[in-house]
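Asker:
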Ligand code: TYD
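Residue numbers (this note's numbering): 4 to 142.
(1) Among the residues of its own chain, which have a CB less than 8 Å from the CB of residue 70, if the five just before and after it don't count?
(2) Just to confirm, are residue 104 and residue 76 a CB contact at a threshold of 8 Å?
(3) List the whole-angstrom C-beta distance separating residue 13 from residue 96, where the pair is believed to meet the contact cut-off of C-beta under 8 Å.
(4) Please report the Cβ distance between residue 41 and residue 125, rounded to the nearest whole angstrom; I am assuming they are in contact, meaning their Cβ atoms lie under 8 Å.
(5) Could you tell me if residue 106 is buried or exposed, where buried requires 16 or more neighbouring beta carbons within 10 angstroms of its beta carbon?
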């Protein structure tokens, strides 16, 4: 089945269970539906903290709770919002371009890993929600 690249979805990742410790891997173009251009991670986030608060013009990403838990609230600017509680290291959340995201309710010690389709480019960000809405509605 071809997945719609404009719709967020949970991606189940391979899980090699082992009494010595479990292992999960992912491959660009396979479990992640784009070539991975950049990896970054958030850590030392104080419990209960909020981050995010932006959207991307072109960038797509997969977000993984490698450790701990947090909520990802996605808003497509067209009246649809959804909240994903991530707390397993073998699930990824695919976030399409043009989705406003808020990251909320971090548990202390959590690590949020991001696989991104583009290198860092501040010009790709919407940091102003009303500008994002205006562009969604104008397109
Ligand atoms: P930002 O994307 O706003 O963080 P979050 O959405 O998690 O709250 O990035 C925070 C700062 O880090 C901002 O000044 C840009 C910088 N940054 C980079 O220089 N390179 C990167 O790859 C990322 C993700 C951020």
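Glycine included, every Cβ here is placed at the ideal spot set by N, Cα and C.
Answerer: In terms of the structure at hand:
(1) 92, 112, 113 and 114
(2) yes
(3) 6 Å
(4) Not quite, the Cβ-Cβ distance comes to about 13 Å (not below 8 Å), so this is no contact.
(5) buried
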